[in-house]
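Participant:
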Amino acid sequence: MKSVFLILFSLLLFSVHSKGEYVPLKMYYMILTADKIVYGEIVKMSEAYFYVIDSVDSNKEIKIKKYVDWTCSSRWSEYQIGQKVLLFLNQEKGYYKILSGGGEGEMPVIQDSVIVSRDCLHFTDSLYLSLYRTHEYTFKIGKKIILGHRFMIWDFINSLTLFKTNFAINKDVYPNCGAFIEKNNQLNPKNVGSPIYHLFVSEFNSEKNRNCR
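In terms of our numbering, the sequence shown opens at residue 23 and continues consecutively.
Pasting the structure below:
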């Protein structure tokens with residue numbers, strides 16, 4: 023009887039877990055909580071790791087654990103030398119790990135643009151996003167179709183760098199109201215017109231307002 027109960031209990035847990043819905047990390051959160059943000063080209067690989075020359079940080083070589091596909095998420099293609107990626111990373115002992123179990127912290131860079139999945143943004147209304155000079159497109163990249171947005175890579179990096187300078191997230195109390203920290207609300211005059219920066223700020227404020235009501 024005890025063994026029957028354990029079997030039934032295990033099946034119940036499996037059923038609950040199977041119906042669980044994975045919630046992707048949002049862009050503003052990845053920017054503000056990443057230990058390191060890297061843009062560069064994959065230059066070598068091992069079975070478990072890949073290495074990127076970081077164009078943001080003095081062309082340093084960064085060791086990163088490969089993302090492993092699972093039921094709810096998969097990488098757009100196999101890892102290959104020469105691929106360019108934008109990465110949001112957490113530091114581990116001796117290497118970095120991509121943010122998020124869904125792999126949102128690793129984005130493909132095609133030519134001079136980064137491709138950002140719509141899952142990483144709160145605002146998906148095309149009219150609203152047109153204010154930030156972006157529209158939703160369907161991208162076929164490797165084995166995956168990505169519904170999302172295309173941003174010029176250095177505009178994107180410069181905007182997220184400024185955003186990370188002016189705002190912060192306290193992970194210890196997130197998503198409570200006190201987690202949202204505005205360090206400096208004075209825009210750098212050179213970046214006032216950056217639609218990407220303002221998109222990040224709007225995403226941040228939207229989540230802050232939702233949690234501070």
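For glycine and all other residues, C-beta sits at the position ideal for the given N, C-alpha and C. The structure displayed is predicted, hence computed values, not measured ones.
For Arg13, which beta-bridge partners are listed by DSSP?
Facilitator: There is no way to answer for residue 13, as the model of the chain reaches only from 23 to 235.
Participant: For Tyr51, count neighbouring Cβ atoms within 10 angstroms of its own Cβ and tell me buried if that reaches 16, exposed if not.
Facilitator: buried
Participant: Compare the beta carbon distance of Ile218 and Val78 with 8 Å and say whether it is the shorter of the two.
Facilitator: The answer is no: Cβ separation not under 8 Å.
Participant: Quick one: give me the first and last residue of the beta strand (DSSP E) that Val223 is part of.
Facilitator: Not the beta strand (DSSP E): Val223 falls in the alpha helix (DSSP H), residues 217-233.
Participant: Starting from Leu121, trace the alpha helix (DSSP H) both ways and give me its first and last residue.
Facilitator: Looking at the DSSP string, Leu121 is not in any alpha helix (DSSP H), and its letter there is neither H nor E.
Participant: Residue ranges of each alpha helix (DSSP H) run of no fewer than 4 residues wholly in the segment 46-104, ordered along the chain?
Facilitator: If only uninterrupted alpha helix (DSSP H) runs of at least 4 residues are considered, those enclosed by the segment 46-104 are 49-55.
Participant: Below 7 Å CB to CB, which residues in the same chain sit around Arg172 once its five sequence neighbours on both sides are set aside?
Facilitator: Within the same chain, Arg172 has close Cβ partners Ser135, Ile137, Tyr159.
Participant: Please return the same chain residues whose Cβ sits closer than 6 Å to the Cβ of Glu126, not counting the five positions on each side in sequence.
Facilitator: Pro46, Leu47, Cys142
Participant: Going along the chain, which residues of its own chain have a beta-carbon closer than 8 Å to the beta-carbon of Lys193, five neighbours each way excluded?
Facilitator: Thr55, Ala201
Participant: May I have the straight-line CA-CA distance separating Lys85 from Val65, to the nearest angstrom?
Facilitator: 10 Å
Participant: Does DSSP classify Leu109 as helix, strand or coil?
Facilitator: strand
Participant: Let me know the secondary structure DSSP gives Lys205 once reduced to three states.
Facilitator: coil
Participant: Report the residue from Ile103, Pro197, Lys106, Ala70 whose alpha carbon sits nearest the alpha carbon of Asp91.
Facilitator: Residue Ala70 is the option with its Cα nearest to Asp91.
Participant: Express the C-alpha separation of Cys94 and Ser8 in angstroms, rounding to a whole number.
Facilitator: Within the shown structure, residues of the chain are numbered from 23 to 235, placing residue 8 beyond reach of any answer.
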